[in-house]
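Trainee: Residue numbers (full-length UniProt numbering): 1 to 358.
Idealized CB from N, CA, C, for every residue including glycine.
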Amino acid sequence: MHDTQQDFRVAAEDLGRFMREALTAAGADQASAVAVIRALITASRMGTDSHGLRLLPHYLKALEGGRIKGAPQMVFHRRLAATGFLDADGGLGHLAGYTAMEHATTMAEEIGLGAVAVGNSSHFGAAGCYALAAAERGYIGMAFCNSDPFVLLHQGATPFHGTNPIAFAAPVTDGSPYLLDMATSSIPWNRVQQFGAIGRELPDQVAADAAGRVTRTPAEVAALLPLGGSDFGFKGAGLGGMVEILSSTLSGMRHGFRLLPMGGPDMSTPRGVGHFFLAMKPDAFVEEGTFARCLADYLADLRARPATANARVLAPGDREWRCQARRDVEGIPLDSANQSAYDELARHYGVARLSPLA
């Protein structure tokens with residue numbers, strides 16, 4: 001989404017400094033803090049504000065409450081040549097995600113494929129961060145995660161699935177990766193919270209009130225609609241179920257309907273979130289260089305297609321890379337709600353406040 005009007009922007013380096021100091025004060029070890037910072041700043045640089053810096057207060061609260069371990073002992077079990085299970089030991093999902101994708105790419109380098117199921121984890125932010133980690137190393141990457149119930153089934157009256165994201169990334173020679181990162185709901189729940197915080201009305205056909213009626217007012221939202229809205233939501237609901245099976249069923253975790261809510265009030269009991277990661281080595285399927293050449297041809301043809309008036313055809317990821325380039329120069333924006341939240345964190349943890357860029 002486009003930046004809202006702001007006059008408070010910060011450098012990624014200062015944001016990372018603030019996050020590191022706050023996470024350390026809340027009990028996160030170095031590996032956990034590095035993973036959280038990497039994921040949140042990646043999301044914020046790309047303009048995925050719903051899953052970027054605004055999530056830091058939640059993770060700090062979960063660390064302080066004991067829901068999430070700040071110094072987990074994560075253990076990887078390699079089951080077969082290209083498969084494994086990572087026990088995240090109740091730690092931060094960001095560390096679990098990057099660790100699991102590291103194992104997946106290691107297996108993909110050896111075997112051509114690597115797949116890792118993750119259990120006993122927690123919220124991991126933007127799924128695209130982990131698919132991107134694979135693509136940056138030359139692999140095709142996919143990431144999936146379940147979450148607690150926010151989303152109606154098609155023609156359902158109450159929430160059942162989580163927003164259950166799908167992320168896919170592919171390496172592009174001499175260019176930024178192809179990156180798809182999407183919720184299987186019409187929008188992410190964090191987007192509703194973000195719009196509510198800045199007083200914006202929601203788009204149509206993305207959310208419902210407690211009676212299951214479509215609403216555009218964030219304060220009235222009790223559930224999200226599956227991708228496709230009222231008429232075609234069977235598509236999003238089906239995709240949400242697919243993600244659920246890969247994330248929770250495959251890892252032996254509770255499915256999303258039975259998860260404790262991310263927002264509390266219980267901030268002491270681990271939630272047991274499940275993830276799934278897949279890495280593929282392109283040259284394990286075809287002759288070296290074939291995939292890169294064909295993907296370049298595909299993207300060139302896609303971007304050259306005619307667009308409607310005052311628009312431009314973009315490949316998945318193009319908007320994110322443009323936003324990243326802009327924010328690396330202009331700084332990462334904080335809306336008024338996040339400015340207040342970070343000021344409160346600075347007071348609570350005794351860390352230096354963020355310094356706005358000129």
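Count the other C-beta atoms from every protein chain shown that fall within 10 angstroms of the C-beta of Y298, then say buried if there are 16 or more, exposed otherwise.
Mentor: It is exposed - the Cβ of Y298 has fewer than 16 other Cβ atoms within 10 Å.
Trainee: Count Cβ pairs between the stretch 168 to 178 and the stretch 239 to 257 that sit closer than 8 Å; are there 3 or more?
Mentor: No: fewer than three Cβ pairs fall under 8 Å.
Trainee: Just reading off the alpha helix (DSSP H) that Y130 is part of, what are its end residues?
Mentor: Note, Y130: alpha helix (DSSP H), 128 to 135.
Trainee: Which one of R38, I68, G317 has the shortest CA to CA distance from D181?
Mentor: Measuring from the Cα of D181, the nearest candidate turns out to be G317.
Trainee: Going by CA-CA distance only, name the one from R38, L179, G66, A210 that's closest to L152.
Mentor: Ranking the options by Cα distance to L152, first place goes to A210.
Trainee: Starting from M253, trace the alpha helix (DSSP H) both ways and give me its first and last residue.
Mentor: Segment: none, M253 is in no alpha helix (DSSP H) and carries neither H nor E.
Trainee: For I187, report the span of its beta strand (DSSP E) as first-last.
Mentor: No beta strand (DSSP E) contains I187, which DSSP labels as neither H nor E.
Trainee: For S336, does the count of other Cβ atoms within 10 angstroms reach 16, so buried, or fall short, so exposed?
Mentor: Looking at its Cβ environment, which holds fewer than 16 other Cβ atoms inside 10 Å, S336 is exposed.
Trainee: Take G162 as the anchor and find which of R319, R258, P270 has the nearest alpha-carbon.
Mentor: That would be R258, whose Cα lies nearest to the Cα of G162.
Trainee: Specify whether the stretch 258 to 268 and the stretch 141 to 151 touch according to this definition: at least 3 beta carbon pairs, one from each stretch, less than 8 Å apart.
Mentor: Verdict: yes, contact present.
Trainee: Is the CB-CB distance between N338 and R38 below 7 Å?
Mentor: Going by C-beta atoms, N338 is not nearer than 7 Å to R38.
Trainee: Across the stretch 84 to 94 and the stretch 26 to 38, are there enough close Cβ pairs to call them in contact, namely three or more that are closer than 8 Å?
Mentor: Counting Cβ pairs under 8 Å, three or more are found: they touch.
Trainee: Which two residues bound the contiguous beta strand (DSSP E) that contains L86?
Mentor: It spans 83 to 87 - the beta strand (DSSP E) in which L86 sits, taken as one unbroken run.
Trainee: Please work out which residues of its chain come closer than 6 Å, Cβ to Cβ, to W83, disregarding the five sequence neighbours upstream and downstream, and give them in chain order.
Mentor: Looking at the sequence provided, one finds Thr at residue 83 rather than Trp. So the list reads A115, once near-sequence residues are dropped.
Trainee: Whose C-alpha, out of N310, L227, Y139, S176, is nearest the C-alpha of T106?
Mentor: Out of N310, L227, Y139, S176, Y139 has the C-alpha closest to the C-alpha of T106.
Trainee: Please work out which residues of its chain come closer than 7 Å, Cβ to Cβ, to C323, disregarding the five sequence neighbours upstream and downstream, and give them in chain order.
Mentor: The answer, listed in chain order, is M46, G47.
Trainee: Looking only at its own chain, which residues have a Cβ that is under 6 Å from the Cβ of D7, when we skip the five neighbours before and after it?
Mentor: Hits under 6 Å: none found.
Trainee: Based on Cα-Cα distance, which residue from G90, L86, E109, V329 lies nearest to T99?
Mentor: Checked all of G90, L86, E109, V329; the closest Cα to T99 is L86.
Trainee: Work out the CA separation of A183 and C129 for me, nearest whole Å.
Mentor: Rounded to the nearest angstrom, the two C-alpha atoms are 14 Å apart.
Trainee: Take every Cβ of the stretch 188 to 204, pair it with every Cβ of the stretch 268 to 283, and state whether three or more of those distances are shorter than 8 Å.
Mentor: No: the two stretches stay apart, fewer than three of their Cβ pairs being nearer than 8 Å.
Trainee: So what does DSSP say about L180, is it helix, strand or coil?
Mentor: Residue state, collapsed to three classes: strand.
Trainee: Tell me which same chain residues have a C-beta within less than 7 Å of the C-beta of T4, skipping the five on either side of it?
Mentor: Residue confidence is low: T4 scores 44 on pLDDT, short of 50, so the model does not pin down where it sits. Its coordinate-derived value is still stated next. Here the set comprises I198, D335.
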